[in-house]
Amino acid sequence: MANRSLKGMFVRLRDEVRLGDCVHYSDSDLALTWLVLFEVSTLHVALPPALEHVLEVAFQQVISALRADKIKIDYVPQSPQVLDLPNARSPLYMQALLYWCAKLDCSPHILVDAYSRLGRSSPVSQAFLMVSNLKQEDENRRGRSTRGPDRAGTMPVFLATLPAR
338 MANRSLKGMF VRLRDEVRLG DCVHYSDSDL ALTWLVLFEV STLHVALPPA
388 LEHVLEVAFQ QVISALRADK IKIDYVPQSP QVLDLPNARS PLYMQALLYW
438 CAKLDCSPHI LVDAYSRLGR SSPVSQAFLM VSNLKQEDEN RRGRSTRGPD
488 RAGTMPVFLA TLPAR
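Numbering (the numbering used here), first residue to last: 338 to 502.
Here it is as structure tokens:
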């Protein structure tokens with residue numbers, strides 16, 4: 338049952354991307370799917386792997402559609418050379434996240450982290466550098482977590498390769 342509904346959602350999202358007509362952010366199934374899953378993911382609830390995948394795919398499709406002008410947003414930065422996000426309670430906040438994620442080629446959590454470290458009204462050039470550093474940190478963190486714990490010291494087969502203590 339769940340697979341059938343996920344498949345239907347992917348078909349709708351694929352068809353929306355193919356349409357070619359520009360739709361407003363509030364009328365986009367792509368944006369709606371991403372918004373709902375993004376909000377669920379912020380509730381500190383672990384998403385099942387299938388929904389985590391749908392969240393990633395929906396985000397990438399929204400960003401692609403935004404870059405291809407298939408989704409129109411109301412948010413326009415005051416200055417395209419300055420990274421500045423509206424208040425989190427602003428109705429334009431999520432649109433601003435999408436705009437800057439598309440421009441800086443990053444995920445929302447990396448953008449928010451970069452913004453919090455840089456502060457308000459930071460030059461986009463500094464934001465690019467910060468985003469690049471945070472992406473590298475994120476990749477390193479993921480690499481360490483997928484390798485598992487280092488058991489070289491506890492496994493006899495590796496004892497010969499360990500440096501003398």
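Yeah, the Cβ is synthetic: ideal placement off N, Cα and C, and Gly gets one too. The structure presented is a predicted model; accordingly, all values stated were derived computationally and were not measured.
- Taking a 10 Å sphere around the C-beta of serine 458, we find fewer than 16 other C-beta atoms and assign the residue as exposed.
- According to the DSSP assignment, cysteine 438 belongs to the alpha helix (DSSP H) that extends over 430 to 441.
- As the crow flies, the alpha-carbon of tyrosine 430 is around 29 Å from that of asparagine 477.
- Its Cα nearest to that of serine 363, the residue Tyr412 stands out among His390, Tyr412, Ser378 and Glu393.
- Under the three-state reduction of DSSP, leucine 420 is assigned to strand.
- A contact is defined here as three or more CB-CB pairs under 8 Å, and the region 395 to 403 fails this definition with respect to the region 415 to 428.
- Contact annotation: leucine 384 and alanine 439 have beta-carbon atoms that are not nearer than 7 Å.
- Histidine 361 sits close to lysine 409, with the two beta carbons spaced by under 7 Å.
- Residue environment for glutamine 432: buried (at least 16 other C-beta atoms within 10 angstroms of its C-beta).
- For isoleucine 400, the enclosing alpha helix (DSSP H) starts and ends at 386 to 404.
- Here leucine 448 is near tryptophan 437, since their CB atoms are less than 7 Å apart.
- Ranked by how close their Cα comes to the Cα of aspartate 366, the residues Pro445, Gln415 and Val391 have Val391 in first place.
- DSSP places isoleucine 447 within a helical segment (H, G or I) once states are collapsed to three.
- Non-local beta-carbon contacts of phenylalanine 465 in its own chain, meaning distances under 7 Å to residues more than five positions away in sequence, involve Leu441 in chain order.
- In this structure, the beta-carbon distance from proline 445 to leucine 434 falls below 7 Å.
- The beta carbon of aspartate 450 is closer than 7 Å to those of Leu471 in its chain, skipping five residues each way along the sequence.
- Rounded to the nearest whole angstrom, the C-alpha separation of valine 373 and isoleucine 400 is 16 Å.
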